[in-house]
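Before any comments, here is the structure.
There are 2 protein chains.
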Amino acid sequence: MNIDVIVSHINSYVTLNEEEVRALSSSLISKTIKQGELIVESGEPARYMIFMNAGYVMTYYTDKDGFDHVIQFASTGWWSGDLYSLSENKPTIYSTRALSAGEVLLFPKAAQDQLLDKYPKFERYFRILFHNALMRLQFRIIENYSATAESRYLSFRERFPGMEQHVSQKHIASYLGITPEFLSKTRKKLQQQ
Amino acid sequence: MNIDVIVSHINSYVTLNEEEVRALSSSLISKTIKQGELIVESGEPARYMIFMNAGYVMTYYTDKDGFDHVIQFASTGWWSGDLYSLSENKPTIYSTRALSAGEVLLFPKAAQDQLLDKYPKFERYFRILFHNALMRLQFRIIENYSATAESRYLSFRERFPGMEQHVSQKHIASYLGITPEFLSKTRKKLQQQ
DNA sequence: ATAAAATCTTAACCTGGTTCAAGATCTTTC
DNA sequence: GAAAGATCTTGAACCAGGTTAAGATTTTAT
């Protein structure tokens with residue numbers, strides 16, 4: 006199992022010693038993913054945090070009318086998954102689906118709890134991780150309010166380089182909070198300029 | 006200084022012993038706030054996390070055209086402030102302003118770092134705090150996409166009971182991502198039903 | 001108490017984005 | 001490799017919410 010990516014990610018916030026690396030390594034489950042595969046399905050309790058070793062996934066919410074709302078994309082070096090139910094042990098309302106072939110590291114809730122209990126460094130790592138995610142999300146809310154769909158699209162392309170090749174336009178549209186039709190028009194307009 | 010509210014808040018996630026309570030207590034600075042007072046101004050580096058002991062505050066972002074975008078309200082028992090610059094020590098882009106008289110507990114960055122180093126329980130507490138805030142924010146993004154301005158307004162009233170009396174309509178409108186005029190129309194429509 | 005300033009309301013008009021529908025392209029499957 | 005299914009594009013009609021402006025109400029300062 007290749008743990009280089011996750012270890013160097015964690016080490017950018019804290020410094021793990023050998024024991025901690027070993028403990029982490031033995032907590033993780035490697036899983037190869039196929040394009041289109043459903044990694045977590047809404048309705049079941051989420052059991053893992055998901056770290057991307059390679060490939061692309063998206064997390065989305067299906068509303069009462071059956072429409073999907075993409076809330077997050079993730080590629081190599083990002084965490085994904087359904088934070089909600091991990092802590093509460095309730096069924097998650099989010100699904101996570103592979104957008105390409107790749108490999109994920111599954112980090113089971115029980116192992117995470119153990120690691121958090123034993124090595125405070127992981128508490129720190131996750132505190133900082135959540136803190137940063139929180140700030141990014143606050144920024145996204147501001148962006149959604151103050152920016153037009155066109156500039157949100159441009160900002161999506163900047164923030165997720167290469168992602169566009171792996172995601173269907175309807176999912177990008179969903180992430181941006183617009184219809185596929187309008188995204189199509191927006192792209193055409195941008196090309197013509 | 007009254008630390009009952011903050012201690013019972015923290016104890017809902019972890020269990021502090023006497024020493025930890027004492028250490029926390031000596032880290033906090035009590036501050037009485039007046040209505041309209043600017044507690045943190047954008048442009049300066051944020052030095053504190055802010056815990057509400059009593060009263061109401063809002064955190065907002067001023068865009069390049071001079072328009073304010075309210076990103077958060079807080080009342081008794083909530084944390085507030087500008088997470089962004091605390092970690093990076095860069096000037097914050099957010100301002101925090103008192104909406105009523107009250108009392109806040111200021112938690113200086115340096116003291117927080119010390120506490121986090123010495124007592125892993127605080128790492129855990131803040132990890133969970135940020136985790137929960139993150140989930141709430143994810144939910145708010147979904148709500149913004151799938152719900153109409155009217156239902157967001159109703160949901161604001163539910164989630165912040167009593168807040169409406171302390172906040173001007175233009176700030177509520179800003180939080181909801183609509184214009185004050187449209188909020189005015191919406192409220193009228195709701196009254197007539 | 002009164003003037004000045006800020007906020008809130010109402011109304012007419014405007015626009016970014018939606019909806020619906022039809023055709024064009026790309027993907028899967030047998 | 002043809003048929004069926006998705007996805008993507010285009011256009012026309014439509015609507016939620018924005019903009020502007022003017023008057024009404026509330027708050028603040030003197």
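First to last, the protein sequences are chains A and X. With our numbering as the guide, the letters of the first sequence map in order to residues 6 to 198. With our numbering as the guide, the letters of the second sequence map in order to residues 6 to 198. Note that the Cβ used here is the ideal one computed from N, Cα and C, for glycine as well. Predicted, not measured: the structure shown is a model, and the values here were computed from it.
C-beta neighbour in chain A for residue i, strict 8 Å
{"i": "F135/X", "result": "yes"}
{"i": "N149/X", "result": "yes"}
{"i": "G71/X", "result": "no"}
{"i": "D68/X", "result": "yes"}
{"i": "V177/X", "result": "In the sequence as displayed, the identity of residue 177/X is Ile instead of Val. Closer than 8 Å: no."}
{"i": "M140/X", "result": "yes"}
{"i": "G182/X", "result": "yes"}
{"i": "R164/X", "result": "no"}
{"i": "E128/X", "result": "yes"}
{"i": "P96/X", "result": "no"}
{"i": "Q117/X", "result": "no"}
{"i": "S17/X", "result": "no"}
Limits of the unbroken beta strand (DSSP E) element including residue i
{"i": "H74/A", "result": "D73 to S80"}
{"i": "E148/A", "result": "Segment P125 to S151 is the alpha helix (DSSP H) holding E148/A; no beta strand (DSSP E) there."}
{"i": "T37/A", "result": "I34 to I38"}
{"i": "R192/X", "result": "Run containing R192/X: none in the beta strand (DSSP E); it sits in the alpha helix (DSSP H), P185 to Q197."}
{"i": "Y101/X", "result": "In the sequence under discussion, the amino acid at residue 101/X is Thr, which differs from the Tyr named in the question. Note, T101/X: beta strand (DSSP E), Y99 to A103."}
For residue i, the three-state DSSP class (helix, strand or coil)
{"i": "F57/X", "result": "In the sequence under discussion, the amino acid at residue 57/X is Met, which differs from the Phe named in the question. Of the three classes helix, strand and coil, the one that applies to M57/X here is strand, per DSSP."}
{"i": "E169/X", "result": "helix"}
{"i": "E108/A", "result": "strand"}
{"i": "Y18/A", "result": "coil"}
{"i": "I11/X", "result": "helix"}
{"i": "R52/X", "result": "coil"}
Element boundaries [alpha helix (DSSP H), containing residue i]
{"i": "L43/A", "result": "First-last for L43/A: L43 to V45, but that is the beta strand (DSSP E), not the alpha helix (DSSP H)."}
{"i": "I177/A", "result": "Q174 to L181"}
is_contact[residue i, chain X] using C-beta, thresh 8 Å
{"i": "Y89/A", "result": "yes"}
{"i": "L21/A", "result": "no"}
{"i": "H14/A", "result": "no"}
{"i": "F131/A", "result": "yes"}
{"i": "P125/A", "result": "yes"}
{"i": "Q174/A", "result": "no"}
Rounded distance between the beta-carbons of residue j and residue i, thought under 8 Å
{"i": "I44/X", "j": "I55/X", "result": "7 Å"}
{"i": "Q40/X", "j": "A115/X", "result": "Between A115/X and Q40/X the Cβ distance is about 29 Å, and since that is not below 8 Å, they are no contact."}
C-alpha gap between residue i and residue j, whole angstroms
{"i": "S17/X", "j": "I76/X", "result": "25 Å"}
{"i": "L110/X", "j": "G167/A", "result": "45 Å"}
{"i": "H136/A", "j": "D122/X", "result": "17 Å"}
{"i": "A79/A", "j": "M63/A", "result": "6 Å"}
{"i": "H176/A", "j": "I15/A", "result": "30 Å"}
{"i": "S189/X", "j": "L195/X", "result": "10 Å"}
{"i": "S92/A", "j": "T153/A", "result": "35 Å"}
{"i": "D9/A", "j": "E25/A", "result": "14 Å"}
{"i": "S90/A", "j": "L120/X", "result": "29 Å"}
{"i": "N149/A", "j": "R157/A", "result": "7 Å"}
{"i": "K36/X", "j": "G86/X", "result": "14 Å"}
{"i": "I38/A", "j": "L88/X", "result": "35 Å"}
{"i": "K204/X", "j": "Q197/A", "result": "In the structure displayed, chain X extends from 6 to 198; residue 204/X sits before or after that span and is not available."}
{"i": "F72/A", "j": "A178/A", "result": "12 Å"}
{"i": "N7/A", "j": "M57/A", "result": "11 Å"}
{"i": "L125/X", "j": "I183/X", "result": "A small correction: the amino acid at residue 125/X is Pro; Leu does not occupy that position in the sequence shown. Going by the C-alpha atoms only, they are around 42 Å apart."}
{"i": "F112/X", "j": "K69/X", "result": "30 Å"}
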